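Protein chains in written order, with this note's numbering: chain A, 19 to 156; chain B, 15 to 123.
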Amino acid sequence: MQNRLRINCSRENLQQVRDFVRGFLLTAQRSEMVVNQVVLAVDEVIANFIIHANGEDQSQFLDLLLVLTGQQLDIEIEDHGRNLFLPVGQAPIPDLRLYIQQGRKGGMGMALVSRIMDRVEFFERDAHTVCRLSKLLA
Amino acid sequence: MKVTAQPTGPVQVLLLDGELDASSAVVLDTELSKPELLKFQKVLIDCQRLSYISSAGLGVFISHLQRLQDADVKLVFYNMQEKVFNVFEILGLDSLMTIVPSQAEALSA
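Here it is in structure tokens:
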């Protein structure tokens with residue numbers, strides 16, 4: 019089972035992305051907790067592409083592909099923007115006590131993604147950044 | 015995402031309704047940035063209708079926590095849905111923030 023979505027780089031589209039992923043996984047009758055975790059991981063990556071890779075340039079767009087084969091979920095997010103954006107795939111949990119002391123707002127998204135998904139990869143394809151996420155759904 | 019403030023004496027209750035993401039986090043940030051918030055003894059976050067939180071939402075709370083602590087204002091979350099609590103757990107924030115099941119426990123925390 020697979021489905022695709024294209025969105026332009028506006029953070030207003032994050033809700034549409036989450037509804038799309040939820041709809042796909044709930045159709046496959048996955049638990050609410052698992053669905054929420056996957057929705058979160060996709061939201062975090064897409065938010066990073068929108069905000070940090072493309073500076074919320076609405077003339078740029080992203081393609082989201084969801085593929086579910088039995089229990090194996092594979093997700094691909096392709097950034098059609100001009101800049102390559104290749105963050106670290108496996109991000110450690112930051113020192114949140116330090117973040118609290120510093121009053122820091124960001125920097126936790128990829129740590130969440132790394133903990134939720136079994137595999138996180140960023141690579142270049144045809145001068146575009148592609149993020150691939152994989153998870154074996156319990 | 016809607017934030018409704020319900021002050022009751024020395025306690026400010028903020029009801030969160032909706033999904034807290036990179037788009038809506040600014041609404042919460044605005045509320046938590048209000049100088050008058052520091053006049054309360056406690057700020058209770060009612061999460062019953064909070065159906066989703068991303069790192070942007072967590073970041074808003076993290077960014078205000080020290081300021082509240084320095085002013086002796088206690089921040090307490092309650093009525094949190096399991097899937098939302100799970101996000102705090104993934105990062106270990108459940109041990110750094112006060113999260114209780116009910117308003118009664120939040121008031122006495």
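Every residue, glycine too, gets a C-beta built ideally from N, C-alpha and C. Just so it is clear, the structure is predicted and the values come from calculations on it, not from any experiment.
Partners in chain C for B:V101, counting only beta-carbon separations shorter than 9 Å: As a matter of chain content, chain C is missing from the structure shown, whose protein chains are A and B.
Sufficient close CB pairs (3 or more, under 8 Å) joining the segment 114-123 of chain A to the segment 56-70 of chain A: no
Cβ-heavy atom distance, B:I67 to the ligand MN, below 6 Å: Ligands are entirely absent from the displayed structure, and the ligand MN is therefore not among its contents.
Below-7 Å beta-carbon distance, A:G121 vs any chain B residue: Yes, A:G121 counts as interfacial toward chain B.
Cβ shell of B:V90 (< 8 Å), same chain only, five flanking positions each side left out: K56, V57, L58, I59, T112, I113, V114, A120 and A123
Presumed contact (8 Å Cβ cut-off) between B:S37 and A:E30, rounded CB distance: 6 Å
Within-7 Å CB hit, B:A123 to chain A: no
Residues near A:L104 by beta carbon distance below 8 Å, same chain, minus five either side: F140, F141, E142 and T147
Residues that A:R150 bridges to, as DSSP identifies them: A:E94 and A:E139
Exposed unless 16 or more other CB atoms sit within 10 angstroms - verdict on A:M126: buried
Beta-carbon neighbours of A:E30, restricted to chain B and to distances below 7 Å: S37
Closest by C-alpha distance to A:R24, when choosing among A:L58, A:D136, A:Q89 and A:I95: A:I95
A:Q47 (DSSP reduced to helix, strand or coil): coil
Neighbour list for A:I25 in chain B, Cβ cutoff strictly below 7 Å: The premise fails here: A:I25 is roughly 13 Å from chain B at the closest Cβ pair, so nothing lies under 7 Å.
Neighbour-count burial assignment, A:N101, 16 or more Cβ in a 10 Å radius: exposed
Residue-level contact to chain B via CB, A:M51, 7 Å cutoff: With respect to chain B, the C-beta atom of A:M51 has a partner C-beta closer than 7 Å.
Closer than 7 Å to chain A by CB, B:S116: no
Span of the alpha helix (DSSP H) around B:Q3: Absent from the model: residue 3 of chain B. The displayed extent of chain B is 15 to 123, so no value can be given.
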